[in-house]
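Engineer: In our numbering, the protein residues as written are 730 to 1012.
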Ligand code: GRG
């Protein structure tokens, strides 16, 4: 199947489900949540949940609410990442960041509300997922977010700003702040698709490698746009290693991700397509 077509179809379905699960009232907090989530976004993480589940024979309907949950969490991290006390960004997805469009207090609260909504959506009756599966999904998401995942990665990056870093530290930060959530998305799909131990381990490896490649590509795109220079105190793989080395590292991770899929044969077609998309994307 054409990967672009697959993305377009899933994005439409995910956006509808997100719309349905976001608050509808016209108060400022609800509007801010909707502004951030429904504005734009590539929807990579929810697509990974659905694609991994489908590869193992799981139903798309079963994966849809966990997919929405992961996108809500992702939006929460973006909102907090953009705040003046973190990366202090004025624009995201081609428009004002939430604290600029509203204000800082609303942005902090909308982020908090999205995180809580994500867990509520995750435990909702989701195409009949049984309670023990739902507990596993909650465990996955909370582990990806905590001190060994996003929060830990972000804290480490901020605390080391301005210092000389080595490659192992950079890779550790990228694993936590970006690859943890991407890998969790793949693992959610695997759990929904009733993956066995081997399948889960291979898909975890796939998720981690595409996650690292995704962050390096993000750095490459930021560098090419000239943005990396403006934010020179922030971590960027290209500024550390050089453009060619960054491209090589992203490519190597994509190769390793694809190797993890070999076991699945033709069933891995969509996940292979997503790996290629990550390395060729232009935004
Ligand atoms: C308190 C759980 C918690 C998190 C806050 C702010 C923070 C800790 C972590 C930052 C994590 C972060 C934003 C990493 C960057 C990952 C990244 C490259 C995001 C961009 O993802 P895209 O390109 O975004 O998929 P779109 O806009 O397409 O959705």
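Even for Gly, the Cβ is constructed at its ideal location relative to N, Cα and C.
Mapping DSSP to helix, strand and coil, what is residue 877?
Structural biologist: Numbered from 1 along the chain shown, position 148 holds the residue referred to as residue 877. DSSP places residue 877 in coil when its eight states are reduced to three.
Engineer: DSSP three-state label for residue 916, please.
Structural biologist: Indexing the chain shown from 1 puts residue 916 at position 187. Correct three-state label for residue 916: helix.
Engineer: Could you tell me if residue 877 is buried or exposed, where buried requires 16 or more neighbouring beta carbons within 10 angstroms of its beta carbon?
Structural biologist: Translated into the one-based positions of the chain shown, residue 877 becomes position 148. Exposed.
Engineer: Please determine whether the Cβ atom of residue 771 lies at a distance below 7 Å from any heavy atom of the ligand GRG.
Structural biologist: In the chain shown, counting from the first residue as 1, residue 771 sits at position 42. Yes, Cβ of residue 771 sits closer than 7 Å to a heavy atom of the ligand GRG.
Engineer: By a C-beta neighbour count over all protein chains shown, 10 Å radius and 16 as the cutoff for buried, is residue 752 buried or exposed?
Structural biologist: Along the chain shown, read from residue 1 onward, the residue named residue 752 stands at position 23. So residue 752 ends up on the exposed side.
Engineer: Identify whether residue 739 lies in helix, strand or coil by the three-state DSSP scheme.
Structural biologist: Within the chain shown, numbered from 1, the residue matching residue 739 stands at position 10. The answer is helix: DSSP assigns residue 739 an H, G or I state.
Engineer: Less than 8 Å separating the beta-carbons of residue 886 and residue 964?
Structural biologist: Taking the first residue of the chain shown as position 1, residue 886 is located at position 157. Taking the first residue of the chain shown as position 1, residue 964 is located at position 235. Yes, the Cβ-Cβ distance between residue 886 and residue 964 is below 8 Å.
Engineer: So does residue 739 have its beta carbon nearer than 7 Å to some heavy atom of the ligand GRG?
Structural biologist: Stepping through the chain shown from its first residue, residue 739 is reached at position 10. Residue 739 Cβ: outside cutoff for every heavy atom of the ligand GRG.
Engineer: How long is the line joining the alpha carbons of residue 835 and residue 995, rounded to whole angstroms?
Structural biologist: Residue 835 sits at position 106 when you count from the first residue of the chain shown. Residue 995 sits at position 266 when you count from the first residue of the chain shown. Approximately 47 Å between the Cα atoms of the pair.
Engineer: Out of 738, 736, 785 and 805, state which residue places its alpha-carbon closest to the alpha-carbon of residue 766.
Structural biologist: The sequence position of residue 766 within the chain shown is 37, counting from 1. With distances taken between Cα atoms, residue 766 lies closest to 805.
Engineer: Should residue 830 and residue 764 be called a contact, given that it needs their Cβ atoms to be closer than 8 Å?
Structural biologist: As a first step, residue 830 is located in the chain shown; it is residue number 101 there, counting from the start. As a first step, residue 764 is located in the chain shown; it is residue number 35 there, counting from the start. Yes, the Cβ-Cβ distance between residue 830 and residue 764 is below 8 Å.
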